[in-house]
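Residue numbers (this note's numbering): 624 to 878.
Where a beta carbon is used, it is the ideal one built from N, C-alpha and C, also for glycine.
This report refers to the structure that appears directly beneath it.
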């Protein structure tokens with residue numbers, strides 16, 4: 624039984640890690656998607672449907688959904704470092720990759736959106752009030768369309784880790800949220816990209832809600848020296864596979 628801390632009412636990291644270890648030990652071989660109900664992730668029950676899904680009318684939904692095309696997405700929207708009056712604070716990076724289907728074919732003209740914390744681990748959001756500074760020159764949001772070969776590319780600032788109140792002294796690994804749309808608004812999928820070698824991976828119940836180590840690794844970008852630019856930024860590559868055995872892991876909620 625996990626005993627909450629007297630001052631915070633939160634259980635310890637040791638208790639959360641013990642829960643994660645027991646779930647992983649009993650997980651089925653081949654289980655690759657994040658678990659919807661993952662007890663170490665305390666608010667997981669609030670982030671997924673608890674009732675049976677209902678069939679909707681995709682064409683009806685499109686009547687009320689946003690419409691976008693090449694004319695609606697400016698090429699400058701993929702550079703998150705140029706929206707302010709000055710340079711944002713932090714490590715400038717490039718993140719690029721290809722969006723592929725299950726057969727390795729490029730997914731063309733796919734709308735890719737990202738959002739993230741700033742270098743101090745703070746989101747521009749009224750619910751994020753932890754004591755880290757906001758950056759007036761960084762909003763943390765961007766978007767682009769994939770090209771004919773399925774490539775996307777963003778220039779941004781490497782996000783910082785941030786605390787969250789899942790348990791005592793809980794910190795999220797640095798990550799970038801990705802949203803992808805198919806040919807219809809109802810086909811939206813959301814996932815997270817992480818950075819290699821983060822010491823918080825083993826402690827994070829969201830990342831660990833994927834019980835397969837190999838599947839978790841598909842959420843981690845690789846350093847890409849060819850994407851780095853001399854005297855300017857470091858590059859990372861992260862390909863997104865939408866289906867098949869090598870599919871990227873998608874989520875039902877974001878954190």
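(request) Would you kindly report the start and end of the unbroken alpha helix (DSSP H) that includes residue 717? (result) Careful: residue 717 lies outside any alpha helix (DSSP H), inside the beta strand (DSSP E) at 715-723.
(request) Can you say whether residue 891 is buried or exposed, counting buried as having 16 or more other CB atoms within 10 angstroms of its CB? (result) This structure leaves residue 891 out entirely; the chain is present only between 624 and 878.
(message) Going by the DSSP bridge assignment, what does residue 736 pair with across the sheet?
(response) 766, 802
(message) Closer than 8 Å is the cut-off here; do at least three beta carbon pairs connect the stretch 822-835 with the stretch 754-768?
(response) no
(message) Short of 8 Å in beta carbon distance, which residues of its chain neighbour residue 716, apart from the five on each side in sequence? Order them along the chain.
(response) 778, 779, 780, 781, 856, 857, 858, 859
(request) Would you mind stating whether residue 658 and residue 835 have Cβ atoms separated by less than 8 Å? (result) no
(request) Rounded to whole angstroms, what's the CA-CA distance from residue 818 to residue 718? Just pull it up for me. (result) 11 Å
(message) For a test of the three-state rule: what should DSSP assign to residue 843, helix, strand or coil?
(response) strand
(request) Can you tell me which of the three DSSP states residue 877 falls into? (result) Residue placement at residue 877 is poorly supported in this model, since its pLDDT is 46, which falls under 50; the coordinates still yield a value, given next. Residue 877 falls in the coil class under three-state DSSP.
(request) Could you spell out where the beta strand (DSSP E) holding residue 640 opens and where it closes? (result) From DSSP, residue 640 is part of no beta strand (DSSP E) but of the alpha helix (DSSP H) over 636-648.
(message) Using C-beta distances below 6 Å, list every residue in its chain close to residue 865, excluding the 5 sequence neighbours before and after it, in chain order.
(response) 724
(message) I'd like to know whether the C-beta of residue 701 is nearer than 8 Å to at least one C-beta of chain D.
(response) Included in the structure is just one protein chain, with no chain D present.
(message) Can you list, in chain order, the residues of its chain with a C-beta nearer than 6 Å to that of residue 775? Leave out the 5 residues immediately preceding and following it.
(response) 735, 767, 769
(request) Return the residue from the list 854, 796, 838, 747 that minimises the CA-CA distance to residue 783. (result) 796
(request) Spell out the partners DSSP gives residue 777 in its beta bridges. (result) 718
(request) Determine the contact status of residue 747 and residue 765, defining contact as a CB-CB distance below 8 Å. (result) no
(request) Specify the secondary structure class of residue 793 as computed by DSSP and reduced to three states. (result) strand
(request) Please confirm whether residue 842 and residue 816 have their CB atoms less than 8 Å apart. (result) yes
(message) Are the CB atoms of residue 662 and residue 642 within a distance shorter than 8 Å?
(response) yes
(message) Considering only the alpha carbon of each residue, which of 791, 801, 840, 837 lies closest to residue 622?
(response) In this structure the chain extends from 624 to 878, so residue 622 is not present and cannot be described.
(request) Express the C-alpha separation of residue 740 and residue 755 in angstroms, rounding to a whole number. (result) 11 Å
(message) In this structure, how does DSSP classify residue 698 when only helix, strand and coil are distinguished?
(response) helix
(request) Compare the Cα-Cα distances from residue 772 to each of 720, 840, 845 and report the closest residue. (result) 720
(request) Out of 651, 785, 733, 669, state which residue places its alpha-carbon closest to the alpha-carbon of residue 803. (result) 733
(request) Could you check which residue in 789, 750, 711 has the C-alpha nearest to that of residue 668? (result) 789
(message) Quick check: the Cα distance between residue 698 and residue 840, rounded to an integer number of angstroms?
(response) 30 Å
(message) Could you tell me the alpha carbon to alpha carbon distance between residue 820 and residue 847, rounded to whole angstroms?
(response) 14 Å
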